[in-house]
Structure formats: C-alpha cells, structure tokens
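Novice: Here UniProt numbering is used: the first residue of the sequence shown is 1, the next is one more, and so on.
Quick reminder that beta carbons are idealized off the backbone N, C-alpha and C, glycines included.
Quick caveat, the model's predicted, so the values are computed rather than measured.
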Amino acid sequence: MGITEIAGLILLGVAIVIAYFAWRRIRLLREGGVHVALRSKFDDRGRGWHLGVGHYRGDSFAWFRVLSLGSRPDELISRDGLEIGARREPTGPEAYAMPVGATVLRCRSASGEVEIAMGPDALTGFLSWLESSPPGRSIPWAS
Numbered sequence: 001m002g003i004t005e006i007a008g009l010i011l012l013g014v015a016i017v018i019a020y021f022a023w024r025r026i027r028l029l030r031e032g033g034v035h036v037a038l039r040s041k042f043d044d045r046g047r048g049w050h051l052g053v054g055h056y057r058g059d060s061f062a063w064f065r066v067l068s069l070g071s072r073p074d075e076l077i078s079r080d081g082l083e084i085g086a087r088r089e090p091t092g093p094e095a096y097a098m099p100v101g102a103t104v105l106r107c108r109s110a111s112g113e114v115e116i117a118m119g120p121d122a123l124t125g126f127l128s129w130l131e132s133s134p135p136g137r138s139i140p141w142a143s
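Structure below.
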C-alpha cells in the first residue's frame, strides 16, 4: 500500500467524521434543539466554553456538545431546583464561542454551577421553560 492510498484513507475517514458531526447537529436542531454554549469550569480569561445544541426533555434540558461522537447528552440540567444566579453580556475573549447576540446565564442547581450562553430567541424559550414548571412548584427567582 502506497502513501497515496494511505492519505486517501485518512481523508476518507476525516470526511466521514465531519459528515457525522453535521448529520448529528442537523438532526438535533430539527428535533427542536437550540444553539447553546456551555461551560462548567469557570475561567476569568473567557476559556472553557463549548458549542452545542440544547434540547428540552420534559423537566430536563439536555445539552449535546457539537464535537462529540456520543449519542447521549453531555450535560443534563434538571429544572427542579435550578436557579439563575446572574445574567450578563459576554466579554470580548469569550464571544467567539457563543451564538450571535448571546446572553450568559450563571445557573445553580443541586449538581453544581454552570454557565449557559444563548441568543435572544433561545433565551426567551429557556426562561419560559423554566417558568412553566408544573403547579405546586415555585419559580426559582421569585421571592
């Protein structure tokens, strides 16, 4: 087997992986997903953000990382006990890893803290989902 054949096989493998990522992302978006960036390890320099697709599943918000081969969500955020601690605009260094016009929410839950960045339409949907908890539950930010 020559160098040309090996290079061709490597390029074919790369093309297959890229096609899988594209197919997975399109499938998640067609199933009602929204573009969301997420980070769970906080860094003052704006690092640690990962692009992904968020999907509402009843009382959970499932987040799938864009560059992941897995079929399961990378993060599962439960609506029960979820609180929005702060809302802010992204800083310069972190804006590269976020949807256009994103707002950053720092959220707390029983499983820890996480920051979620989403565009205006996705933010409206997320806040509506959070407020629409079943009767008997309190709204996390209402006092």
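Quick one: is residue 23 buried, meaning 16 or more other Cβ sit within 10 Å of its Cβ, or exposed?
Specialist: Residue 23 sits at position 23 when you count from the first residue of the sequence shown. Result: exposed.
Novice: Rounding to the nearest angstrom, what Cα-Cα distance links residue 27 and residue 128 in this structure?
Specialist: Residue numbering aside, residue 27 sits at position 27 when the sequence shown is read from its first letter. Residue numbering aside, residue 128 sits at position 128 when the sequence shown is read from its first letter. When rounded, the distance between both Cα atoms is 23 Å.
Novice: In terms of residue numbering, what span does the beta strand (DSSP E) encompassing residue 83 cover?
Specialist: The residue given as residue 83 occupies position 83 in the sequence shown. Where residue 83 is concerned, the enclosing beta strand (DSSP E) stretches over 83 to 88.
Novice: Determine the closest residue to residue 95 out of 60, 50 and 41, with distance taken between C-alpha atoms.
Specialist: Stepping through the sequence shown from its first residue, residue 95 is reached at position 95. Comparing Cα-Cα distances from residue 95 to each of 60, 50 and 41, the minimum goes to 50.
Novice: Assuming residue 104 contacts residue 115 (C-beta within less than 8 Å), just tell me the rounded distance between them.
Specialist: What you label residue 104 is simply residue 104 of the sequence shown in a count that begins at 1. What you label residue 115 is simply residue 115 of the sequence shown in a count that begins at 1. That pair is a contact at about 6 Å.
Novice: Leaving out five residues on either side along the sequence, give the residues of the same chain with a beta carbon under 6 Å from the beta carbon of residue 42.
Specialist: Here residue 42 corresponds to residue number 42 of the sequence shown, with the count starting at 1. Around residue 42: no qualifying Cβ.
Novice: Per DSSP, residue 63 is paired with what?
Specialist: For this step, residue 63 is matched to residue 63 along the sequence shown. Residue 63 is bridged to 54 and 75.
Novice: How about the segment 4 to 15 and the segment 84 to 92: do they share at least three Cβ pairs that are nearer than 8 Å?
Specialist: Verdict: no, contact absent.
Novice: Out of 21, 4, 5 and 1, which one is the CA nearest neighbour of residue 70?
Specialist: Residue numbering aside, residue 70 sits at position 70 when the sequence shown is read from its first letter. Residue 21 is the option with its Cα nearest to residue 70.
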